[in-house]
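*Asks:*
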Amino acid sequence: MILTVTLNPALDRVVNVASFRPGKVNLIEKERIRIAGGKGINVSRVVKTLGERTLATGWLGGSQGRIIKRNLDKENIDTDFVLIKEESRLNLTILDPASDKKTHLVEEGPLISYPEIKNLKEKLKSLAGRANIVVFSGSIPRGVGEGIYNSLVKLVLSYNNRIISILDTRGEALKKGLQAKPFMLTPNKEEMEELTGRRLSRLGELVEVARSLVEKYVKLVVVSGGKGEVLVVKKREVIILTPPSIKTLNPVGAGDALVAGFAVGLLRGTGLEEMASLGVAAGAASVEKGREEALSLERIEELAKKVRYRRYFPRAS
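Last residue of the sequence shown? That's 731 in the numbering used here, and every number before it is there in order.
#1: Taking the beta carbon of residue 636 as the centre, do at least 16 other beta carbons fall within 10 Å, making it buried, or is it exposed?
#2: Whole angstroms are fine: how far does the CA of residue 710 sit from the CA of residue 463?
#3: Could you give the DSSP three-state label for residue 505: helix, strand or coil?
#4: What is the DSSP secondary structure of residue 605, counted as helix, strand or coil?
#5: Out of 563, 691, 676 and 701, point me to the one whose CA is closest to residue 662's CA.
#6: Measuring CB atoms only, is the stretch 517–534 touching the stretch 667–679, in the sense that at least three cross pairs come out at less than 8 Å?
#7: Under DSSP, the alpha helix (DSSP H) around residue 635 begins and ends at which residues?
#8: Check whether the stretch 689–697 touches the stretch 566–579, counting contact only when three or more Cβ pairs, one atom from each stretch, lie closer than 8 Å.
#9: What's the call for residue 594, buried or exposed, on a 16-neighbour Cβ count within 10 Å?
#10: Identify, in the order they occur along the chain, each residue of the same chain with its Cβ nearer than 6 Å to the Cβ of residue 574, setting aside the five sequence neighbours on each side.
#11: In whole angstroms, what separates the C-alpha of residue 415 from that of residue 631?
#12: Taking only the alpha-carbon atoms, compute the straight-line gap between residue 723 and residue 499 and give it to the nearest angstrom.
#13: Could you tell me the alpha carbon to alpha carbon distance between residue 655 and residue 466, rounded to whole angstroms?
#14: Starting from residue 463, trace the alpha helix (DSSP H) in both directions and tell me its first and last residue.
#15: Three-state secondary structure (DSSP) at residue 723?
#16: When DSSP labels each residue in this structure, what does residue 598 get in the three-state scheme?
#17: Where does residue 548 sit, in a helix, a strand or coil, going by DSSP?
#18: How many angstroms separate the CA atom of residue 493 from the CA atom of residue 727?
#19: Apart from the five residues on each side of it in sequence, which residues of its chain come closer than 6 Å, Cβ to Cβ, to residue 619?
#20: Is the separation between the beta-carbon of residue 590 and that of residue 552 shorter than 7 Å?
#21: Rank 607, 558, 441 and 487 by C-alpha distance to the C-alpha of residue 529 and give the top, closest one.
#22: So, for residue 479: in the same chain, excluding its five sequence neighbours on each side, which residues have a beta-carbon less than 6 Å away from its beta-carbon?
#23: Taking the straight line between their C-alpha atoms, what separation do you get for residue 608 and residue 587?
#24: Our contact map puts residue 690 next to residue 713 with C-beta atoms below 8 Å; I'd like the distance itself, whole angstroms only.
#25: I believe residue 550 touches residue 419 by the beta-carbon criterion, under 8 Å. Please report the beta-carbon distance rounded to the nearest angstrom.
#26: Taking the alpha-carbon positions, what's the residue 471 to residue 423 distance?
#27: Taking one C-beta from the stretch 611–618 and one from the stretch 446–463 each time, how about it: are there three or more such pairs within less than 8 Å?
#28: When DSSP builds the beta bridges, which residues end up paired with residue 430?
#29: Quick one: what's got a C-beta closer than 6 Å to residue 460's C-beta in the same chain, skipping five residues either side?
#30: Based on the DSSP output, what are the partners of residue 516 in its beta bridges?
#31: For the alpha helix (DSSP H) containing residue 691, name the first residue and the last one.
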């Protein structure tokens, strides 16, 4: 079973506003999406599409939290969230078809109390024994220290040393989280630059940094970004994957679909190329649908056959 942990879930709304004008009254022409969001929740949704068992946990609160839970129930996604006093966040994306621009309004999230942090840790203790894979992903709400992922990764490993942990976050939370030595990291290029404090303009530099992370902390690093290519680095293997050409609708959630494909591949014990192709195909299918329609297993499998990959060998100095 693949367990996903979303510390800062959101009710995501996407609306059309033609010729959007900041500072003016704007008419919402159409609501395109009202969906349960948050990175771990997005992962669970795609894992279910791929045919594997998943359970979503984290913190939920208030009327928006209840809507998120109802939406997940309608999607038949199993959940076991810790209830909190404050309201889960609402995120709004404004699509302007006239300019083809997107404006994202993102709430910071609720203030989490110490007892609520403790309750989540107790929840994870009870769930760790049932999970094969655990995905920690997304931003951190107020009241929670940047070291939360570090402590949660260590916690689940202490209760199940065979569990495979995946970490998908950024900034200081990523820096501290990788110290707990999760199995896999999934940063994009910008997050790798944040992590290292240096500009990584060449592929060789990106590979070098990813390899250093594999040597010190993790078993697998997956880096997305840069013309849609995905870099996958293990101890003795480096491959670069190119997704198939598709019509792009909305890239939000594509990285989470990528993570879901890798999680499913790890659960099934597939080879690196097959696993990576599944992840890249799931990400491409997500971009194509823009979360406005449920993903199709058949379409993901079709796209996986069109993913191209090449092995990377560093040039001799």
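The C-beta atom is built at its ideal place from N, Cα and C for all residues, glycine as well.
*Replies:* Reading off the structure:
#1: The count along the sequence shown starts at 1 and reaches residue 636 at position 222. Classification of residue 636: buried, given that the 10 Å Cβ count is 16 or more.
#2: Sequence index remark: in the sequence shown, residue 463 carries index 49 (1-based). Sequence index remark: in the sequence shown, residue 710 carries index 296 (1-based). For residue 463 and residue 710, the distance between alpha carbons rounds to 7 Å.
#3: As a working mapping, residue 505 is identified with position 91 in the sequence shown. Of the three classes helix, strand and coil, the one that applies to residue 505 here is strand, per DSSP.
#4: The sequence position of residue 605 within the sequence shown is 191, counting from 1. Here residue 605 carries a helix assignment [DSSP, helix/strand/coil].
#5: Walking along the sequence shown from the start, residue 662 turns up at place 248. It is 701.
#6: Counting Cβ pairs under 8 Å, fewer than three are found: no touch.
#7: Position 221 of the sequence shown, counted from the first residue, corresponds to residue 635. Taken as a continuous stretch (DSSP letters only), residue 635 belongs to no alpha helix (DSSP H), being part of the beta strand (DSSP E) at 634–638.
#8: Too few Cβ pairs lie closer than 8 Å, so no.
#9: The sequence position of residue 594 within the sequence shown is 180, counting from 1. It counts as buried.
#10: Along the sequence shown, read from residue 1 onward, the residue named residue 574 stands at position 160. Around residue 574: 542 and 543.
#11: What you label residue 415 is simply residue 1 of the sequence shown in a count that begins at 1. What you label residue 631 is simply residue 217 of the sequence shown in a count that begins at 1. Approximately 24 Å between the Cα atoms of the pair.
#12: Residue numbering aside, residue 723 sits at position 309 when the sequence shown is read from its first letter. Residue numbering aside, residue 499 sits at position 85 when the sequence shown is read from its first letter. Taking the straight line from one Cα to the other gives about 47 Å.
#13: As a working note, residue 655 is residue 241 in the sequence shown. As a working note, residue 466 is residue 52 in the sequence shown. Taken atom to atom, the span from the alpha-carbon of residue 655 to that of residue 466 is near 24 Å.
#14: By one-based count along the sequence shown, residue 463 stands at place 49. Following the DSSP letters along the chain, one finds residue 463 inside the alpha helix (DSSP H) bounded by residues 453–463.
#15: Mapped onto the sequence shown, residue 723 falls at position 309. Note: residue 723 maps to strand in three-state DSSP.
#16: Within the sequence shown, residue 598 is the residue found at index 184, counting from 1. In the structure shown, residue 598 falls within a strand segment according to DSSP collapsed to helix, strand and coil.
#17: Stepping through the sequence shown from its first residue, residue 548 is reached at position 134. Look at residue 548 here: in three-state DSSP terms it is strand.
#18: Residue numbering aside, residue 493 sits at position 79 when the sequence shown is read from its first letter. Residue numbering aside, residue 727 sits at position 313 when the sequence shown is read from its first letter. The straight-line gap from Cα to Cα measures roughly 43 Å.
#19: Indexing the sequence shown from 1 puts residue 619 at position 205. Counting only Cβ-Cβ distances below 6 Å, and skipping sequence neighbours, we find nothing.
#20: Indexing the sequence shown from 1 puts residue 590 at position 176. Indexing the sequence shown from 1 puts residue 552 at position 138. Not a contact, by the Cβ cut-off of 7 Å.
#21: If you number the sequence shown from 1, residue 529 lands on position 115. Minimum Cα-Cα distance from residue 529 among the listed residues 607, 558, 441 and 487 corresponds to 558.
#22: As a first step, residue 479 is located in the sequence shown; it is residue number 65 there, counting from the start. Counting only Cβ-Cβ distances below 6 Å, and skipping sequence neighbours, we find 502.
#23: Walking along the sequence shown from the start, residue 608 turns up at place 194. Walking along the sequence shown from the start, residue 587 turns up at place 173. If I take the Cα positions, the gap works out to 11 Å.
#24: Looking up residue 690 in the sequence shown gives position 276. Looking up residue 713 in the sequence shown gives position 299. Rounded, the Cβ-Cβ distance is 18 Å, inconsistent with contact.
#25: Sequence index remark: in the sequence shown, residue 550 carries index 136 (1-based). Sequence index remark: in the sequence shown, residue 419 carries index 5 (1-based). Contact check for residue 550 and residue 419: beta-carbon distance about 5 Å, within the 8 Å limit, so the pair qualifies.
#26: Position 57 of the sequence shown holds residue 471. Position 9 of the sequence shown holds residue 423. In this structure, the CA atom of residue 471 is about 10 Å from the CA atom of residue 423.
#27: Cβ pair count under 8 Å is below three, so no.
#28: Sequence index remark: in the sequence shown, residue 430 carries index 16 (1-based). Paired residue(s): 444 and 509.
#29: Here residue 460 refers to the residue found at position 46 of the sequence shown. Excluding sequence neighbours, residue 460 sits near 671, 674 and 696.
#30: Your numbering for residue 516 matches position 102 in the sequence shown. According to DSSP, which records beta bridges pairwise, residue 516 is partnered with 509.
#31: Counting from 1 along the sequence shown, the entry for residue 691 is found at position 277. 686–703 is the extent of the alpha helix (DSSP H) around residue 691.
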